[in-house]
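Residue numbers (my numbering): 810 to 932.
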């Protein structure tokens with residue numbers, strides 16, 4: 810009967826909404842995780858996404874130019890305030906690759922947004 814069909818459609822819509830809500834939650838978690846990764850790939854001195862990351866004696870990663878400038882005027886860790894045991898820094902290749910991926914992803918997102926923001930432009 811028509812009433813049975815309507816009830817069946819209503820149930821299907823409820824199930825689809827539950828599934829859609831589950832996807833939204835998963836997307837929200839992924840966005841939160843991505844934001845956390847981006848924060849971890851920022852220099853704690855200038856708060857920009859790392860381009861030439863190095864690990865200092867305190868075990869933290871910094872932008873090479875920023876930590877070099879810092880260590881020229883201070884023997885204390887910018888993160889902990891503890892005495893640095895060395896002024897030697899070592900390249901952090903893993904963080905460099907992750908930060909490069911994040912930058913590339915941001916550039917792709919910006920290009921995508923720019924191309925979809927004005928679909929009628931140029932007509």
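Think of the CB as a built atom: it goes at the ideal place given N, C-alpha and C, for glycine as much as any other residue.
- If you compare the alpha carbons of 810, 881, 854 with that of residue 869, the shortest gap goes to 854.
- Note on geometry: alpha-carbon atoms of residue 896 and residue 851 lie some 20 Å from one another.
- Our two residues, residue 859 and residue 904, have alpha carbons roughly 8 Å apart in a direct line.
- Secondary structure at residue 845: helix, using DSSP grouped into helix, strand and coil.
- Bridge partners of residue 899 according to DSSP: 864.
- For residue 870, the enclosing beta strand (DSSP E) has its first and last residue at 870–872.
- Listed as beta-bridge partners of residue 851 by DSSP are 858.
- Contact between residue 885 and residue 892 holds: CB atoms are separated by about 6 Å, below the 8 Å threshold.
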